[in-house]
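Shown next, in C-alpha cells, is the structure this report addresses.
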Amino acid sequence: MTAPSSLDLVIGAVVLWMALGTLGLVRPARLRFVSIVLFPIGALVGVALAAVALAAIAAPPLVRVLPLGLPDLPFHLRLDALSAFFLFVLGAVAAAVSVYSAGYFRSSEGTAPGLVCFQYHAFLAAMAVVLIADDAYLFMVAWETMALASYFLVTTEHRIPEIRRAGFLYLLIAHVGAIAILMCFGVLQGSSGDYTFAGMRGQHLAGAWPSVAFFLALFGFGAKAGLLPLHVWLPEAHPAAPSPVSALMSAVMLKTAIYGLLRVGFDLLQVQLWWWGVVTLAVGLASAIFGVVFAAVQSDMKRLLAYSSIENIGIITAGIGLTILFRAYDKPLLAAIALTAALYHCLNHAFFKSLLFLATGSVLHATHERSLGKLGGLIHRMPWVAWLALVGTLAIAGLPPLNGFVSEWLLLQAFLFTPTLPQSFVNMLVPVATAALVLAVALSAYVMVKFYGIVFLGRPREANLAYAKDAGKWERTALAYLAAGCILLGLFPVNVIALIDPVNMQLVDSGALQAGSGSNWMLLAPINADRSSYSPVIVLLVIVAVVLLTIQVVHRFYHGRIRRAPPWDCGFPAQTPRMQDTAEGFGQPIRQVFEPFFRMQRHLPSPFDAKPRYAVKAEDPLWYWLYLPVARGAEVLARLVGHIQQGRISVYLTYSFFTLLALLFLVR
Amino acid sequence: MTAAGFLSQLLQVALALLLAPLLVGWVNQCRAWLANKSAPSLFLPYRTIRKLFAKDAVVAQNASGIFRLTPYIVFGAMTCAAAIVPSLATDLPFALAADAIALVGLFALARVFMSLAAMDIGTAFGSLGARRDMFVGFLAEPALLMVLFTASLISSSTSLPEIVDTLAHREIGIYPSLAFAGVAFTMVSLAENARIPVDNPATHLELTMIHEAMLLEYSARHLALLEWAAALKLFNYSCIGLALFFPFGIVTSGSDGLMLVSAAPLLVVKLAVGGAALALIETLSAKMRIFRAPEFLGTAFMLAVLAMLVNLLLGA
Chain A
1119 MTAPSSLDLV
1129 IGAVVLWMAL
1139 GTLGLVRPAR
1149 LRFVSIVLFP
1159 IGALVGVALA
1169 AVALAAIAAP
1179 PLVRVLPLGL
1189 PDLPFHLRLD
1199 ALSAFFLFVL
1209 GAVAAAVSVY
1219 SAGYFRSSEG
1229 TAPGLVCFQY
1239 HAFLAAMAVV
1249 LIADDAYLFM
1259 VAWETMALAS
1269 YFLVTTEHRI
1279 PEIRRAGFLY
1289 LLIAHVGAIA
1299 ILMCFGVLQG
1309 SSGDYTFAGM
1319 RGQHLAGAWP
1329 SVAFFLALFG
1339 FGAKAGLLPL
1349 HVWLPEAHPA
1359 APSPVSALMS
1369 AVMLKTAIYG
1379 LLRVGFDLLQ
1389 VQLWWWGVVT
1399 LAVGLASAIF
1409 GVVFAAVQSD
1419 MKRLLAYSSI
1429 ENIGIITAGI
1439 GLTILFRAYD
1449 KPLLAAIALT
1459 AALYHCLNHA
1469 FFKSLLFLAT
1479 GSVLHATHER
1489 SLGKLGGLIH
1499 RMPWVAWLAL
1509 VGTLAIAGLP
1519 PLNGFVSEWL
1529 LLQAFLFTPT
1539 LPQSFVNMLV
1549 PVATAALVLA
1559 VALSAYVMVK
1569 FYGIVFLGRP
1579 REANLAYAKD
1589 AGKWERTALA
1599 YLAAGCILLG
1609 LFPVNVIALI
1619 DPVNMQLVDS
1629 GALQAGSGSN
1639 WMLLAPINAD
1649 RSSYSPVIVL
1659 LVIVAVVLLT
1669 IQVVHRFYHG
1679 RIRRAPPWDC
1689 GFPAQTPRMQ
1699 DTAEGFGQPI
1709 RQVFEPFFRM
1719 QRHLPSPFDA
1729 KPRYAVKAED
1739 PLWYWLYLPV
1749 ARGAEVLARL
1759 VGHIQQGRIS
1769 VYLTYSFFTL
1779 LALLFLVR
Chain B
66 MTAAGFLSQL
76 LQVALALLLA
86 PLLVGWVNQC
96 RAWLANKSAP
106 SLFLPYRTIR
116 KLFAKDAVVA
126 QNASGIFRLT
136 PYIVFGAMTC
146 AAAIVPSLAT
156 DLPFALAADA
166 IALVGLFALA
176 RVFMSLAAMD
186 IGTAFGSLGA
196 RRDMFVGFLA
206 EPALLMVLFT
216 ASLISSSTSL
226 PEIVDTLAHR
236 EIGIYPSLAF
246 AGVAFTMVSL
256 AENARIPVDN
266 PATHLELTMI
276 HEAMLLEYSA
286 RHLALLEWAA
296 ALKLFNYSCI
306 GLALFFPFGI
316 VTSGSDGLML
326 VSAAPLLVVK
336 LAVGGAALAL
346 IETLSAKMRI
356 FRAPEFLGTA
366 FMLAVLAMLV
376 NLLLGA
C-alpha cells in the first residue's frame, strides 16, 4: 500500500471535520464535550490541513475521481497550486478560530452548542471541498452547502428578528450570486455538455462568450466577496453572526470567492482581455473606497470591521484587475507581481481580520456591548486582548513593518510599473487608480485608529466596563497565534512570496521573484534592488535599536522618574468619561467630507431642550437606488403573475394543456 | 556595503538629529523678525529639550503602556526616516531597506501612534487632536505618496537615492510635472508639520489645536522626545523637498566622495533659505478653519495627481 497523496489527506481532513460535526449532534446540549474535545480536534485537523496544503503548493497537480454523487456524475477532485494556497489559508485560519471557539461558545438562547459544532464543521468541510472541486457539479454542491451552513451559523441567535432578517438577506444575495456562477459554468462548457473543469479548459469560446463568462463570474463571485454593489449583506450578516463565525466568513469564505474568480478568470478561460482588467480594477477600487468611507462612520464595532472587509476585498480585486491587464498585454513578470500582491493580501487579510473579529468577540463577551459609544479603556481591563488587537490594528492600517504594508507595497509597485503598457488610455488611468488606492489605504489608518482608540483606549464610557474580564486561555492562544502570523508575514515577505510563486507560475506563467534581482531572505526586491526594495526585518531592527538606545541614554544621562497625576482638566473640573470623542464624533469629519456618499438623517436638539438628544444615521444610498427599486419591481411582477393563479384545478389543467400544445408546436 | 556609504549614512543621521532643533529655532527666529518682534535665541529649542529631559515625568493616572511607549516609537520612526532621505549623499546602505513608500509608511506609523497615545488618556482635547490629526493625515499622506510617485516615474524607481541620482543628473530646466509636484509637496509639508495655514504651532488655545492637542498630556522626557521628533519631521520634509526639487550639491553616485565636505555646509545654506521661506509663507497666510483643510489638501492631492498625469502625457 502506498502512502496517501496530499489530495487524499485533504479528503481525509474533510471527512474528519464532517465526523467531528456529526459527533456534536450526538449530544447537542453538552457544551463541555463540544468545547473541550471537538473544537480542539477540529483545530488540529486545521493545522494538519495547512501543513499538507503548504507542501502541496509546490507539488504537481493531483487529480482524483470519487464515485460519489449521481450515477453518471462522479465527483472530480483536483489539488493544484491555486487550490493548495487557499487551502492553506483555510487551514491556518480555521485552526485559530477553532481554538478560539473552544473557549467562546456558551449555552445561550440560540442554537444548541452541538448543532453549532455541526454547522461550523460542515462549513469548514464545504469550503475545503469548494477549493478542491474539479467539476461544476461538485463545485456548486459544495458552494451551496457552504452558503447554507454559514446561513445557519449567522442565525445562531435566531430568536432576534434583526438577525433572522440579516440571515435572510445574506441567503438571498448568496443565491443571486450562485445563479450567476451556474450560468457562468453553463457558458464555459461551450456546447459540449462536459461540466468537468478539465473539459472547460479545453473549450475555446468564440466571440463575446469569454467576456460573458468572465462577467458572470465577476458578478457571481463578487456577490459572495462583497464587491460593490452586491455588498449589502456583508455589514448585516457579519455583526449578526457569533464572532468566530464572522472571523471565518470574513477571513476565509470571502477568499473562496476570490479563489473562484481566479479559477474562472485565469484557469478555465484561456484568454484575458484588457478591458476586463479595467472593469475589475474599477470595481475593486470603488469597493475599497466605499468600504473604508462607510467603515469610518460606523458606531458598531463589528459593522465597522465588516465594512473594512469590503475595503480589503476591493484592494484584492484591484490587484486581480491589474493582473488581468498585464496578462492581456503579455507582461508575465508584472502580472506575477500584481497577482502576488493580491494573493498576499488575501493571506494578510485572513490573519488580521480574523484576529480583530475574534478580539471583538472577547470584548463582546466581557462587556455585552457592541456599540463603540459604550466601550473604552479596555486596555486596562483586558490587556491580552488589547495588546494582541493592537498588532492587528497596526497591520490592517498598512503600517511597516507588519504584514498589511507588504501587500500594499507590492500592489503600489505593480501600479508604478504600469506605464509600460502599450495603450495610452490605460496608462492615463494609472494615476487616478493609484490615487484611489492610496486614499483608501490612508483612510483605513483613520478607521483603525478610531476602532482601537475608542474600544481599548481612553476611559471607560460606562460604569459596568470596570467588571470586564480578560479573555480565557483558549481565546488568548488563538489571538496570540494570529498576531504572530501578522508579524511573521510582515517580516519575511520573500519567504512568503516564494510560497506563492507556484501559484503565479500556474496562473500567469511567471514567478514574481526573479533570479538576480538581489532578493534574499531579508530584502524584497521585485525587479531589482535599484528599482525598489524593502526589508521589514532591517526596518524593525533599526526602529527597535533606536528605541532601546534612546530609552537607555535618557535613563542613564537623566533619570527614569515618573509621577502619576490626574489628567489636565483644562480648568473645567466636571469632566466625565462621556466627554471623550464618541464613535460618531470621531467619524464626523469623514461624514462631512464624504457627505454625498451617504443618505444621512440627522436629529439635532434645539438649544432649549432640557433633555437634548442627538442622533445621526448614515445609510447606504445604494440600498435606495438599487435594492428597493429591484424589490419593488419583483413585487409588481409577482402580483402580475399572481393573476394567473386562480386556485382552481381546472384552470391549472388548462394551463398545462396550453403549455403542452406550445411545446409540441416548438419542438415538432 | 562600502565604508564610505556607512560613513555618509552615520554622518547624515547624526547631522539630522543635531540640526533638526536648530532648523526649528531658525524658523521661529525668522517668524519673529517678520512679525517685527524681537526674536528668541536660535538655540532655544535645544535648551527646551535639555530642560525637559531633566524634569520629572508626570503621567496621567489612567495612561497605559501605549502612552509611555509612543514618544520612543515616534522618535525611532523619525530617526529611521532621517536615515532614508538623501540629504547629504545618495550612497546610503540603509535606504535599500526602505524606499519612498516605506518612508511614507514610517510617517504613518508615527502618526498612528501619536493619535493612539492622545486617545489613551481619555480627555476631550486628546481625542479631538487625534481625530483632527488623522483627518489631516488621511488627505496629506496620499498627496505625499503621489508627489513621490511622480518622481519615481521619472527615475522608474521608488528608491529615494536612485530618484535623487536621476534628478540630479538631468539637465537643469523647468519640468512641468515637477513644478506641479513641488507646489503639492509644499502644501503637504505645511499640513504635515502642523504649520499655518492648517495648524498653528504657537497656539495656546486648545480648541484650535491639532498637533499640540495631542501633546497636552505629555511632559518631561516624553515631551522632549516628541518635540525633537517633530523637529526631525520638519527636517526630514525639508530634506525631501530639497532632494527632489533642488538636488544639486548632494553627493551622487558619479561624484567624488570628498564632496561630502562641501555637501554639509551647502545643506545648511539650503535649509536656511528653506526655513526662511517657510516662515514667510506662515507669516503671509492665516490659519484656516479645520473644515477648510480638506479643500487645501484636496488641492494638493489633485495637483500631485496632475503632476503624474503631466509626466505621463509630456514625458517631462
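Chains as they are written, first to last, in the numbering used here: chain A, 1119 to 1786; chain B, 66 to 381. By construction, the Cβ of each residue, glycine as well, lies at the ideal position given by its N, Cα and C atoms.
Apart from the 5 residues on each side of it in sequence, Ala-1174(A) sits with its Cβ closer than 6 Å to the Cβ of Ser-1124, Leu-1197 and Ala-1202 in its chain, given in chain order. Ala-148(B): member of the alpha helix (DSSP H) spanning 130–149, first to last residue. For chain A, the residues of the stretch 227–261 of chain B that bring a beta carbon within less than 9 Å of one of its beta carbons are Glu-227, in chain order. Residues of chain B with a Cβ closer than 8 Å to the Cβ of Asn-1545(A) are, in chain order, Leu-377. A straight line joining the alpha-carbon of Leu-331(B) with that of Ala-256(B) spans about 26 Å. In this structure, the straight-line span from the alpha carbon of Phe-1712(A) to that of Leu-243(B) is close to 30 Å. Contact between Thr-1485(A) and Leu-1493(A) holds: CB atoms are separated by about 6 Å, below the 8 Å threshold. Contacts with chain B (Cβ-Cβ distance below 9 Å) from the stretch 1520–1531 of chain A involve Phe-1523, Glu-1526, Trp-1527, Leu-1530 and Gln-1531, listed in chain order. With a minimum length of 4 residues, the unbroken runs of alpha helix (DSSP H) contained wholly in the stretch 1708–1769 of chain A fall at 1746–1760. For Ile-1129(A), the enclosing alpha helix (DSSP H) covers residues 1124–1144.
Contact holds between the stretch 1132–1139 of chain A and the stretch 1232–1239 of chain A, because three or more Cβ pairs, one in each stretch, are under 8 Å apart. Taking a C-beta distance under 7 Å as the contact criterion, Pro-1328(A) and Val-1389(A) qualify as a contact pair. In the three-state reduction of the DSSP assignment, Val-123(B) falls in the strand class, which pools E and B. At least one CB of chain A lies nearer than 7 Å to the CB of Asp-185(B). Between Ala-167(B) and Ala-142(B) the beta-carbon gap is near 11 Å, outside 8 Å, which marks them as no contact.
Proximity of the stretch 1779–1786 of chain A to the stretch 258–278 of chain B falls short of the contact definition, fewer than three beta-carbon pairs being nearer than 8 Å. Pro-226(B) sits in a helix when the DSSP states are folded into three classes. Here Val-263(B) is not near Ala-344(B), since their CB atoms are 7 Å or more apart.
Three or more beta-carbon pairs separated by less than 8 Å link the stretch 1206–1225 of chain A to the stretch 1590–1598 of chain A, which places the two stretches in contact.
Across the stretch 159–170 of chain B, CB contacts with chain A closer than 9 Å involve Phe-159, Ala-160, Leu-161, Ala-162, Ala-163, Asp-164, Ala-165, Ile-166, Ala-167, Val-169 and Gly-170, in sequence order along the chain.
One thing to note: Glu-271(B) has its Cβ within 7 Å of the Cβ of Phe-190(B). For the pair of segments examined, the stretch 131–146 of chain B was found not to touch the stretch 1619–1632 of chain A: the number of CB pairs separated by less than 8 Å stays below three.
Contact annotation: in the stretch 269–301 of chain B, residues whose CB is within less than 8 Å of a CB in chain A are Glu-271, Leu-281, Glu-282, Arg-286 and Leu-290.
Residues of chain A whose Cβ lies closer than 8 Å to the Cβ of Gln-126(B) are, in chain order, Arg-1682, Ala-1683, Pro-1684 and Pro-1685. At a cut-off of 7 Å between C-beta atoms, Ala-147(B) does not count as an interface residue with respect to chain A. Pairing Leu-109(B) with Gly-1495(A), the inter-Cα distance amounts to about 38 Å. Residues of the stretch 1293–1319 of chain A with a C-beta less than 9 Å from any C-beta of chain B: none at all. Counting C-beta pairs with one atom in each stretch, the stretch 1440–1456 of chain A and the stretch 1406–1419 of chain A have fewer than three that are closer than 8 Å, which means they do not touch.
Taken atom to atom, the span from the alpha-carbon of Ser-1310(A) to that of Tyr-1773(A) is near 34 Å. Within 9 Å of the CB of Val-150(B), no CB atom of chain A is found; the nearest one sits about 14 Å away. Beta-carbon to beta-carbon, Leu-1625(A) and Asp-1253(A) are separated by about 20 Å, too far to satisfy the 8 Å threshold. Bounds of the alpha helix (DSSP H) holding Arg-1319(A) are 1315–1320.
In the three-state reduction of the DSSP assignment, Asn-1638(A) falls in the strand class, which pools E and B.
A Cβ-Cβ distance of about 4 Å is found for the pair Ala-1414(A) and Ile-1708(A), placing them in contact under the 8 Å criterion. Closer than 7 Å to the CB of Val-123(B) there is at least one CB belonging to chain A. DSSP, reduced to helix, strand and coil, places Phe-1223(A) outside both helices and strands of the structure shown, so it counts as coil.
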